[in-house]
Structures are given as C-alpha cells and as structure tokens.
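Converting from the sequence shown to our numbering requires adding 1 to each position, the first position being numbered 1.
Quick notes on the structure that follows.
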Amino acid sequence: MSSVQTLTVAEAEGEQRLDRWFKRRFPHVTQSIVEKMCRTGQVRVDGARAKASDRVTPGMQIRIPPLPDVNAPAVVRPKEAMSSDDARMIQEAVLWKDQHLIVLNKPAGLPSQGGSGQTDRHVDGLTEALMFGYKERPKLVHRLDKDTSGILVLARTDRVARGMSEAFRERETRKIYWAVVAGVPSPRMGTVRFGLVKAPGRDGEKMLCVHPAKVDQTEGAKRATTDYALLDALGSRASWVALVPITGRTHQLRAHMAEIGHPIVGDGKYGGSGQENLGDGWGAQLGGDISRKLHLHARSLSFVHPVTKERMTFTAPLPPHMAKTWATMGWNVHDVPADPFEDA
C-alpha cells in the first residue's frame with residue numbers, strides 16, 4: 002500500500018489491542034514495524050498518537066500510513082520454544098484462577114509484553130503455559146514495568162478481557178504498590194499531582210514531570226495523580242511507602258517519587274546512580290546488603306469480578322530481593338494495614 006488511508010474499527014472486531022487489530026487487517030506487517038509506526042506517530046487513533054498496546058473499540062478511526070508491499074519478502078524471526086523452566090516459572094507465579102481470570106505475582110525482571118528486539122520471554126509470550134485446558138491463550142488486561150513485580154491479571158476470554166479493560170480504564174480497580182524510597186517523605190501522607198510528558202530525544206522511554214499549573218500549556222503532557230503513605234522508616238535514610246496511582250501513566254510512581262526528592266531504591270532511570278545527594282533524599286542505591294534491583298512491588302489489587310460481580314482483593318508476596326531488604330531493615334509486612342489510606 003503506497004498511500005495513507007483511514008479505516009474504521011468494525012463492530013464485529015470488538016475491543017482489542019491496536020497491534021492485534023493491525024495484524025488481523027494486515028498480516029504481512031511484522032510486530033516490529035507496527036510498533037515503530039506507532040512510536041513515530043505514523044499510526045494514529047482518532048487523530049491522536051497511540052501505542053501498540055492501546056485498546057481500540059468499534060467506531061474508532063485509525064490512520065494507516067503507507068505499508069510494505071504484501072509480496073515483499075519478510076524477515077521472520079523463528080519463535081523461540083518455551084523451556085520447561087519458563088513454563089514452570091510462570092505457572093508457579095499463579096496466585097489464583099477461575100474460569101474467567103488468572104491472577105499472577107509477576108516476577109521482577111520479566112516484561113509483561115515483548116517489544117522491538119526482545120525475545121519471547123515475557124508474560125504475553127509465556128501464556129501458552131497458562132491455558133489450563135482452554136483453546137485460547139489468556140490475555141493481558143493491564144501491564145507492569147519489566148522491573149516491577151506483583152499483581153498482574155489475565156482474562157481467559159475476550160468478553161472478560163473487555164470487562165476488565167473497562168474497569169482499569171474507568172478506574173474501578175484499586176491498586177496499592179509498596180516501595181522503598183530514599184529519605185523520608187514529609188508529610189507522612191500526601192498526594193503528588195505533577196503532570197507527565199515524554200522526554201524528547203531519548204532512545205529509552207523516560208517521563209518528565211510538569212507543574213500542575215502548566216500541564217494544559219505543555220504539548221503532550223497528561224495529568225497524573227499519586228497518593229502516598231509512609232509505613233515505616235530506617236532513620237532518615239530510607240522509607241517503606243505505600244503508593245496508589247489514581248491515574249495510570251507510564252512510569253508515574255517512579256517519576257513522581259523522584260520529583261518530590263525521594264526516588265525509589267534501585268531506580269537507575271529516575272533516581273540517578275550511586276549515593277549522590279538528591280535534594281532532601283539520597284541516591285537510588287543504598288549500598289551494603291541492599292539489592293540494586295528496583296524496589297517497587299504491586300502489592301494488592303481490588304476489583305469487582307466481571308462475571309460473578311463479587312468484590313475481590315488479591316495480595317502478592319514480596320519478591321526475593323525486596324523480602325531480603327525488609328529483613329535487613331527489620332520491617333514486618335504484618336505490622337501495617339492492608340490499605341493505609343482507608344481511614345485517612
């Protein structure tokens with residue numbers, strides 16, 4: 002196809018990820034090309050830039066740029082066979098499942114989805130091991146950053162995926178993260194409202210904070226809100242905090258905590274390196290026996306089951322590197338309320 006065209010998502014296509022819609026319409030176009038076209042703004046949804054992972058619904062208008070010739074030879078990367086160790090790992094990550102949903106405790110370091118240049122070793126690429134007798138693989142309904150561990154939900158049918166995706170989009174879920182941050186936030190409980198905009202001219206994605214009063218005047222900026230609560234501290238050096246993302250922007254928790262001077266421990270992207278002084282806090286590494294991995298964990302998730310309508314809450318144990326930090330700090334997971342914001 003040598004010209005730009007605009008297509009409408011058909012009613013029969015339902016709600017699905019943009020890249021999957023694209024692959025069904027244009028099966029000869031590789032995933033890496035779809036992601037590149039989204040990243041460079043060539044593909045647009047209702048006139049706006051979109052990510053390959055965004056969900057599209059019937060009636061949406063999708064701009065399609067010129068595409069490779071269907072007869073052009075495609076470079077196909079052989080799909081890597083899933084190892085028995087990976088299959089066992091992802092199955093052992095299952096916290097709960099029923100006929101409709103699977104809830105995982107995603108390990109730190111495992112991406113939720115693949116991307117350009119990545120292998121098939123990510124949650125979405127390992128879902129074949131999570132079929133448990135179903136004909137189709139379960140579908141991700143939200144994501145966690147690669148180095149963030151914790152609660153991740155998959156839907157076992159398209160209907161349930163649509164229901165859960167809507168619940169996340171309409172903020173009908175409640176997510177609580179645990180993190181270790183440098184320094185001690187003051188006040189002990191507060192709200193961060195800096196907007197976020199993608200940093201220009203970077204190969205890797207990074208978000209910049211924008212003062213709330215300037216969000217509407219900053220091109221590409223989106224409003225973002227995070228609640229935080231101090232749960233415990235080691236003197237003035239480091240704190241255990243609970244974080245609730247009221248909005249769901251890219252790297253929101255990491256960028257917000259760094260912006261108020263308390264970067265998440267192990268965050269090389271937003272916390273700097275070493276133990277340099279960052280305002281009232283310290284660098285993103287604490288040294289000693291404390292792991293250099295990111296200390297951010299999706300501790301709990303609460304939502305109404307899309308089929309049974311039962312209110313459900315799931316809690317994920319800490320990953321090994323964070324459990325070791327808790328032991329080193331003398332912190333006990335049983336000493337804090339499940340939701341420290343309830344009585345605030």
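Even glycine gets a Cβ: it sits at the ideal position worked out from N, Cα and C.
Only a predicted model underlies this, so the values are computations on that prediction, with no experimental measurement involved.
Cα-Cα separation between residue i and residue j, rounded to whole angstroms
i           : j           : result
residue 261 : residue 208 : 14 Å
residue 319 : residue 339 : 14 Å
residue 92  : residue 33  : 28 Å
residue 58  : residue 88  : 32 Å
residue 181 : residue 221 : 30 Å
residue 147 : residue 41  : 22 Å
residue 324 : residue 334 : 9 Å
residue 332 : residue 133 : 37 Å
residue 237 : residue 296 : 18 Å
residue 327 : residue 178 : 15 Å
residue 45  : residue 67  : 13 Å
residue 301 : residue 243 : 10 Å
residue 227 : residue 241 : 16 Å
residue 192 : residue 330 : 26 Å
residue 168 : residue 271 : 29 Å
residue 90  : residue 50  : 36 Å
residue 211 : residue 259 : 13 Å
residue 303 : residue 290 : 33 Å
residue 162 : residue 293 : 35 Å
residue 84  : residue 105 : 19 Å
residue 23  : residue 6   : 13 Å
residue 235 : residue 37  : 44 Å
residue 239 : residue 107 : 25 Å
CB contact flag (residue i, residue j, <8 Å)
i           : j           : result
residue 166 : residue 56  : yes
residue 111 : residue 123 : yes
residue 255 : residue 268 : yes
residue 113 : residue 155 : no
residue 195 : residue 257 : yes
residue 94  : residue 322 : no
residue 63  : residue 30  : no
residue 135 : residue 160 : no
residue 266 : residue 285 : yes
residue 225 : residue 253 : yes
residue 299 : residue 152 : yes
residue 199 : residue 245 : no
Close beta carbons around residue i, own chain, < 6 Å, minus the five adjacent residues each side
i           : result
residue 281 : Any reading at residue 281 must be qualified, since the residue scores a pLDDT of 38, below 50, and its modelled position is unreliable; no value is offered.
residue 52  : 39
residue 316 : 301
residue 149 : 297
residue 164 : 307
residue 216 : 196, 222, 224
residue 365 : Nothing can be reported for residue 365, as the shown portion of the chain is limited to 2 through 345.
residue 278 : At residue 278, the pLDDT of 41 sits below 50, so the modelled position is not reliable; the number obtained from the coordinates is stated separately. Here the set comprises nothing.
residue 337 : 232
Nonlocal neighbours in the same chain, by C-beta distance under 7 Å from residue i, ignoring five residues either side
i           : result
residue 4   : 67
residue 125 : 113, 114, 115, 141
residue 43  : 66
residue 97  : 104, 315
Residue-level contact to chain C via CB, residue i, 8 Å cutoff
i          : result
residue 27 : Given the protein chain composition of this structure (a single chain), no chain C is represented.
Cβ distance (whole Å) where residue i is taken to contact residue j below 8 Å
i          : j          : result
residue 70 : residue 61 : About 26 Å separates the two Cβ atoms, so there is no contact after all.
residue 54 : residue 86 : Not really, about 27 Å apart at Cβ, beyond 8 Å.
Chain-order list of residues whose beta-carbon lies under 8 Å from that of residue i (same chain, five-residue window excluded)
i           : result
residue 138 : 128, 129, 131, 132
residue 8   : 26, 62, 63, 65
residue 18  : 53, 54, 55, 56, 57
Could you tell me whether the stretch 231-251 touches the stretch 183-193, using the rule of 3 or more Cβ pairs below 8 Å?
Segments in contact, yes.
Would you call the stretch 92-105 and the stretch 4-15 touching, i.e. three or more CB-CB distances under 8 Å?
no
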